[in-house]
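Structure first, commentary second.
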Amino acid sequence: MTSESPTLAVDSRATALPDDGIAITDLVEAVELSAALLSDHANDLSGAVRRICATLNPTASSNLTCRVLFRCAVREGTPHRARFVTDVLTAQGHTGTARFLADHAVPAAAKPWQKRRLTALRQVSPGTGLPENARQNYSLIIGADGSVNFVDAHSADGSSPWLRALLERLDAQPVGIHHDVLTIHLPAGAETKEALRSVLTTIQLLPVVPVLVTESPIHAAHLVTAIASWHLEWMEPVVVAPLRTEGYGLITAGGGELLLAGKPDDLVMDTEADLATIAAAVGALSLYRSDALLSHRGSVVDSMRTELAQLFPLKSAGRGFARAVKFSEPVHSNPELKTRLTGHLGASGFFEEAVALLHGVPSSQRSKAHSARLLRANFGTGRFEDAAQPAKPSHRSASDERLRREAAAAAQLISARDDALSQNPEPIERIDGRVLSILHASAPEQSGGYAVRAHSILKAISAQGYEVIAATRPGFPEATNHLAPGATSALDHDGVRYVRIGSGRTRRDGEYSYMQESVDHYVELIRRERPSLVHLRSTYVSALPGLIAAKRFGLPVLYEVSGMWELVYEASNSALMEGRRARTVRLEDAVLSGADAVVTLTEAMKDIIGSRVSTTRPVELLPNAVDIDEYSAREKDETLLSDLRWDASVPVIGYVGSFVEYEGLHILIRALARLKERNVEFRAVLVGDGAESDRLRALAEEVGLDESVLHFTGRMPHEAVTRLYSIIDVCAYPRLATPATRAVSPLKPFEAMAAKKTVIVSDVAALAEIAGHGERGLVIPAGDVDALAEALTAAVTDQGSFFGMTAAAAEWVRSDRSWRRIGEIVDTVLSGLLSGADHADAHRPQSEDSRST
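The sequence shown runs contiguously to residue 853 in the UniProt record's numbering.
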C-alpha cells in the first residue's frame, strides 16, 4: 500500500485475488468486532470507522473486506477515509472501484507520492472492470424461538452458522460498489425481535440491504418503531407485510417515514423479485446521496446495468426508485437531486424507472429538462402516444421535435393497425391460392440464415400448389434499388418470384416514417396482385405495415416469427439497445396480436410469445429444416483434402456459419488447443466470416494452432460449403448463453445432421432441443472449454461409438426437419386460414358499393 509508483494495473475482471490463506473464521471475527466498534462508538463515527479500518486491514485481500471498506468510506464521507480505502483497493487490484473515491480523496493527499498515485488512478474510468450479475438476493429465516438460519439451496441442512454462511457467499462475489439484498423472514414475538436486533447490529457494516418480511402490517409497524430505537444509523431496511390477497405492502424503504403516499399501488409489490428491486434501489440511493461519490453520480447509476443486472435489469418496471424516494427525505426535499437522478436513469437506460420518477414531479417543478427527459423516457419504453404529446413552446428543441415526430409516426402506425382490424375492409376480388409474402430481405442479394430460410419456405409453399409472390421491404436492396417510390420490378430466382419496391424514404430518415410510407406501397401491391392470403415474416419493420395493408382488405394474415431482435438488444445491456428492445416488443406485439395465425421456430420462442401477448390462435411451431438431398452424406472429397495437405485418415472438426461473438468460436479454438496439448490427432476447418474473424485468427495463432492444423476458409459460395462438409467428421456449435441464443435456433446443425456428422452443441435451450437433449448430438455446458475439449476428444478418437447417434439424427431430420415436411405444416396452417376467410366472407355484410354491383 505504500508503493510510490503512480502506475496502475487495471484488473478488467475485478475478481478476487488468489486465496492467500485468510480463514473464514478470521473474517467472521473481524466483522463481529467491527460491528461492535460501530455500536460502541455511535457518537464518534470518525473514530469508529478508523478503528474498524484497522481491524479489517489484516483481511484486506478478502473481497468482502474491500467492499466493507468501500462502504465505510462512503458512509463516513471524509477525504482521509476515501484516500485510505483507495490505497487498499488499488493494492488489491480493484482500481475500477477505487476510482469512485479518488476525486474525494484528493484533499487528503498531503505527500507527493499520494498525489501521484491519485493522479494515476484518476486516469481510470469509474466502474472499469466492475463485475456483471454479481449482486444476489440471500435469505435468512428467524424462528419463533429466535433461531437464525441461512437459506441456501446448496446446503439444505442449514448446519453452517448463519453469519459464516452469509460471509462465505458475500466473499465469493467480486468487488464492486453496489449492495446485495438479504431477505429476512420473521414471525412476531419477543425472542424474534431480539434475534433480529442482533442480526441487524452484526450486518450493519456489510454491503447488504435487508428486506424484512413480517407477519402482518401491525407487526411491521412495531418493528419499524423498534428499529428506530436501536440507533443503527447505517441500517436502511425495507420492511414489508403480506397482503390479505397476495403480494406485499411496503411499510418503509430505507427506514424512513412515508413522505408522499401517491397512488396506493405504489406501495404494493407482487413478488419477492419486486422486493429485491426496491432494496437494490435503496442501496443505490445511499451511494447516490453520498458526498464521497458526488462527482460520480452518473457512474453510480450506470454501474447498476452490470453489477445489479440480476436484481435490477434495465427492463425492470418495478418502480424501485419511485417507491424508495417516497421514504427518502434528502431526495424528496431536493428537487434538483431528483431531477439529476431521472437524467442519470434515462442516460443509463432505466427508462421505466425514469418515467415513474418523472411522473412524480409536481407540475410547478416541471422544467424544460423535465420535458426532454420525459420525452426520451417515454420513447425508450415504447410509450409512443405519450412521447408524441406536444411540449410547451418554451420547452421545445429541434432534437426533441424530431424525436416527437418519430414517436407520432409510431403512434399513428398503432392506430392504423387498430383501425384496419376494426373497420369494414375494402372489397377486393382475390385470386384463389395466391399468397403474398412480405419479407425484410431475400436472396439472391443476401445469403444468410434469414434469406435461406425464407427462400426454402417459399419453395415449400409453392410445392404445396400455391402461387407465391414475395415482396421485399421498399428500397431493398439499398445498393441497387433505384426504382421510383412505389414502382416495382420482378426477379425470378430459383423458382421464386421476388418483387422489389421503390421507396421515397430510407430507415435513416426515421424508421417509423419509413414504415408509414411502406403501408401505402403494400396497399397498392395488394390491389394489383389480389392475393387470397398474406404471409408476413419478421421483423415488424416490414410486418406491421404489411399487416395494416392486408387488414384494410380483410385478408387473412400468417405471421412467421423467425427471429427476435429484442433478445439481441436485451443481451447488449446498454441504454441505446434497451430503448430499441422496448420499442421492438411494442411493435412486434402489435403484429402478433393482429395476425390470424402465428408460427415460430422453437418452443422457447413460442413460450416467449405466449408470455407477452394473446394471439388469435395458439402459436404453432415451424422449425428450421434442411434440404435432405443437398446435404446427404457423401464420400470425402480427396481433391479438397489434397489441397489442404491433410491425410484422409485424420478426423476433421468443423464449424460452418457466422463468425460472431455469441457463436462461442473462441471457446472452440481454446478447446482445439487443449486437444493439441494432449496429442490428439485431428484437423479443423472454420468456414465463414464475420465481425470476429480477425480476433479468432489472432487467438488461433496465440494458442499455437497454425494453418497445418486449423484452416480458416473465409466466406465461401454455397456450392463450396457442401464440398467442405464432405471432409468434416465432427461439427461443433458452442453457442454462448444469451437471451437470443437460448430461444432462436440456427440452420447449420440440421445440415450437419443430414450429412451424418457427429454434432456437439452447447446446452442453450434452442440447441439442446435440436440435439434431443443428448439423443441426436452431444450437449456440453455453454462457455465450458474443458467440457468441449472432452466431447471433441471422444468424438474424434472413438468415432464408431457415435454411429448410432448420427444415424438417429439423420433419420430425424429426414422425417421431421426436411423442407418438404415444413411445407406440409405450412399448408395445414394456410388451409385453415383460407377456409376461415371463406366462412367470414360468406357472413360479412356487404358494403353499399358491393351491393349495387
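Virtual Cβ for every residue (Gly too), placed ideally from N, Cα, C.
Ordered along the chain, which non-local residues of its own chain (more than five positions away) have a Cβ less than 8 Å from that of Asp-40? In the sequence shown, counting from the first residue as 1, residue 40 sits at position 40. The residues are Ala-48.
Suppose you measure from the CA of Leu-101 to the CA of Gly-690; what does that come to, to the nearest Å? One-based indexing of the sequence shown puts residue 101 at position 101. One-based indexing of the sequence shown puts residue 690 at position 690. Distance between the alpha carbons of Leu-101 and Gly-690: 41 Å.
Measure the C-alpha to C-alpha separation of Thr-480 and Gln-464 and round it to an integer number of angstroms. Taking the sequence shown and counting its residues from 1, the one referred to as residue 480 is at position 480. Taking the sequence shown and counting its residues from 1, the one referred to as residue 464 is at position 464. Going from the Cα of Thr-480 to the Cα of Gln-464 covers about 33 Å.
So the candidates are Ala-771, Ala-754, Val-785, Val-687; which of them puts its Cα closest to the Cα of Arg-674? In the sequence shown, the residue the question calls residue 674 occupies position 674. With distances taken between Cα atoms, Arg-674 lies closest to Val-785.
Proximity of Leu-533 and Val-598 at Cβ, strictly below 7 Å: Against the sequence shown, residue 533 aligns to sequence position 533. Against the sequence shown, residue 598 aligns to sequence position 598. Taking 7 Å as the Cβ cut-off, Leu-533 and Val-598 do not qualify as a contacting pair.
Below 6 Å CB to CB, which residues in the same chain sit around Ser-518 once its five sequence neighbours on both sides are set aside? Counting from one through the sequence shown, the residue named residue 518 turns up at place 518. Pro-474, Pro-545, listed in sequence order.
Let me know if Lys-115 comes out buried or exposed under the rule of 16 or more other beta-carbons within 10 Å of its beta-carbon. Indexing the sequence shown from 1 puts residue 115 at position 115. When all chains shown are included, Lys-115 counts as exposed.
Is it true that the CB of Pro-477 sits closer than 7 Å to the CB of Ser-503? Taking the first residue of the sequence shown as 1, we reach residue 503 at position 503. Taking the first residue of the sequence shown as 1, we reach residue 477 at position 477. No.
Identity of the residues DSSP links to Leu-833 by a beta bridge: Stepping through the sequence shown from its first residue, residue 833 is reached at position 833. DSSP, once it has assigned bridges, lists no residue as partnering Leu-833.
When burial is assigned at 16 or more other CB atoms within 10 Å of the CB, is Gly-594 buried or exposed? The residue given as residue 594 occupies position 594 in the sequence shown. So Gly-594 ends up on the buried side.
Helix or strand or just coil, what does DSSP make of Arg-383? Counting from 1 along the sequence shown, the entry for residue 383 is found at position 383. If DSSP states are grouped into helix, strand and coil, Arg-383 belongs with coil.
At which residue ranges does the segment 768-803 contain complete alpha helix (DSSP H) runs of 4 or more residues, listed in the order of the chain? Those alpha helix (DSSP H) runs which fall completely within the segment 768-803 and span 4+ residues are 785-797.
Using a Cβ-Cβ cut-off of 8 Å (strictly less than) and excluding sequence neighbours within five positions of Ala-9, which residues of its own chain qualify? Indexing the sequence shown from 1 puts residue 9 at position 9. Bear in mind that the predicted position of Ala-9 carries a pLDDT of just 37, short of 50, making it unreliable; the figure below should be weighed with that in mind. Result list for Ala-9: Gly-93, Thr-95, in chain order.
Measuring straight from C-alpha to C-alpha, what distance separates Asn-63 and Asn-57? By one-based count along the sequence shown, residue 63 stands at place 63. By one-based count along the sequence shown, residue 57 stands at place 57. Distance between the alpha carbons of Asn-63 and Asn-57 is about 12 Å.
Can you tell me where the alpha helix (DSSP H) holding Ile-414 begins and where it ends? Position 414 of the sequence shown, counted from the first residue, corresponds to residue 414. Segment 398-422, the alpha helix (DSSP H) holding Ile-414.
For Leu-413 and Lys-551, which I take to be in contact (beta-carbon distance under 8 Å), what is that distance rounded to the nearest angstrom? Locating residue 413 in the sequence shown gives position 413, counting from the first residue. Locating residue 551 in the sequence shown gives position 551, counting from the first residue. The Cβ separation is near 13 Å, so there is no contact.
Tell me whether the beta-carbon of Ala-454 lies closer than 7 Å to the beta-carbon of Leu-439. Taking the sequence shown and counting its residues from 1, the one referred to as residue 454 is at position 454. Taking the sequence shown and counting its residues from 1, the one referred to as residue 439 is at position 439. The answer is yes: Cβ separation under 7 Å.
8 Å contact criterion, which residue 854 and Pro-531 should meet: CB distance rounded: No answer is possible for residue 854: the residues shown for the chain start at 1 and end at 853.
Buried or exposed: Leu-89, going by 16 or more other Cβ atoms within 10 Å of its Cβ? Start at 1 with the first residue of the sequence shown, and residue 89 comes out as number 89. It is buried - the Cβ of Leu-89 has at least 16 other Cβ atoms within 10 Å.
Extract the residue ranges of the beta strand (DSSP E) inside the segment 587-638, only unbroken runs of 3 or more that lie entirely within it. 597-600
Do Arg-417 and Ala-590 have their C-beta atoms closer together than 7 Å? On the sequence shown, residue 417 is found 417 positions in, with the first residue counted as 1. On the sequence shown, residue 590 is found 590 positions in, with the first residue counted as 1. Closer than 7 Å, so yes.
Relative to the C-alpha of Ile-728, which residue among Ala-754, Val-685, Glu-426 is closest? Taking the sequence shown and counting its residues from 1, one reaches residue 728 at position 728. Of the listed residues, the one whose Cα sits closest to Ile-728 is Val-685.
Could you pull out every residue in the same chain whose Cβ sits closer than 6 Å to the Cβ of His-104, ignoring the five residues on either side in sequence? Residue numbering aside, residue 104 sits at position 104 when the sequence shown is read from its first letter. Non-local beta-carbon contacts of His-104 in its own chain, meaning distances under 6 Å to residues more than five positions away in sequence, involve Pro-79, Ala-82, Ala-292 in chain order.
For His-41, name the three-state secondary structure that DSSP assigns. Residue numbering aside, residue 41 sits at position 41 when the sequence shown is read from its first letter. Three-state result, His-41: coil.
Exposed unless 16 or more other CB atoms sit within 10 angstroms - verdict on Asp-494: Counting from 1 along the sequence shown, the entry for residue 494 is found at position 494. Asp-494 is exposed by the Cβ-count criterion.
Note down the Cα distance separating Trp-234 from Phe-70, rounded to an integer number of angstroms. Here residue 234 corresponds to residue number 234 of the sequence shown, with the count starting at 1. Here residue 70 corresponds to residue number 70 of the sequence shown, with the count starting at 1. In a straight line, the C-alpha of Trp-234 is about 13 Å away from that of Phe-70.
Terminal residues of the continuous alpha helix (DSSP H) containing Glu-517? Counting from one through the sequence shown, the residue named residue 517 turns up at place 517. Note, Glu-517: alpha helix (DSSP H), 511-529.
Per the DSSP calculation, Leu-345 is bridged to which residue(s)? Along the sequence shown, read from residue 1 onward, the residue named residue 345 stands at position 345. Answer by DSSP bridge pairing: none, since Leu-345 is not bridged.
Is there contact here, the segment 216-224 with the segment 238-246, by at least three beta-carbon pairs under 8 Å? Yes: the two stretches touch, three or more of their Cβ pairs being nearer than 8 Å.
Does the beta-carbon of Ile-180 have 16 or more other beta-carbons within 10 angstroms, so that it is buried, or is it exposed? Translated into positions along the sequence shown, residue 180 becomes position 180. Reading off the sequence shown, one finds Asp at residue 180, where the question assumed Ile. Buried: at least 16 other Cβ atoms inside 10 Å.
Taking Glu-246 as the reference, give the member of Ser-229, Leu-258, Asp-265 with the closest Cα. By 1-based counting over the sequence shown, the position of residue 246 is 246. When each option's Cα is compared against that of Glu-246, the closest is Asp-265.
Tell me which same chain residues have a C-beta within less than 8 Å of the C-beta of residue 854, skipping the five on either side of it? The chain is shown only over 1 to 853; residue 854 falls outside these bounds and no answer can be derived.
Would you kindly work out how many angstroms separate the C-alpha atoms of Thr-192 and Tyr-248, rounded to a whole number? Within the sequence shown, the letter at position 192 stands for residue 192. Within the sequence shown, the letter at position 248 stands for residue 248. Rounded to the nearest angstrom, the two C-alpha atoms are 20 Å apart.
With Leu-665 and Phe-659 assumed to form a contact (beta carbons below 8 Å), what rounded beta-carbon distance in angstroms separates them? By one-based count along the sequence shown, residue 665 stands at place 665. By one-based count along the sequence shown, residue 659 stands at place 659. That pair is a contact at about 6 Å.
At the level of alpha carbons, what is the spacing between Asp-87 and Val-355? Translated into positions along the sequence shown, residue 87 becomes position 87. Translated into positions along the sequence shown, residue 355 becomes position 355. In a straight line, the C-alpha of Asp-87 is about 39 Å away from that of Val-355.
In the DSSP assignment, the alpha helix (DSSP H) including Ile-760 goes from what residue to what residue? As a first step, residue 760 is located in the sequence shown; it is residue number 760 there, counting from the start. Annotation: Ile-760 is outside any alpha helix (DSSP H); the continuous beta strand (DSSP E) that includes it extends over 758-762.
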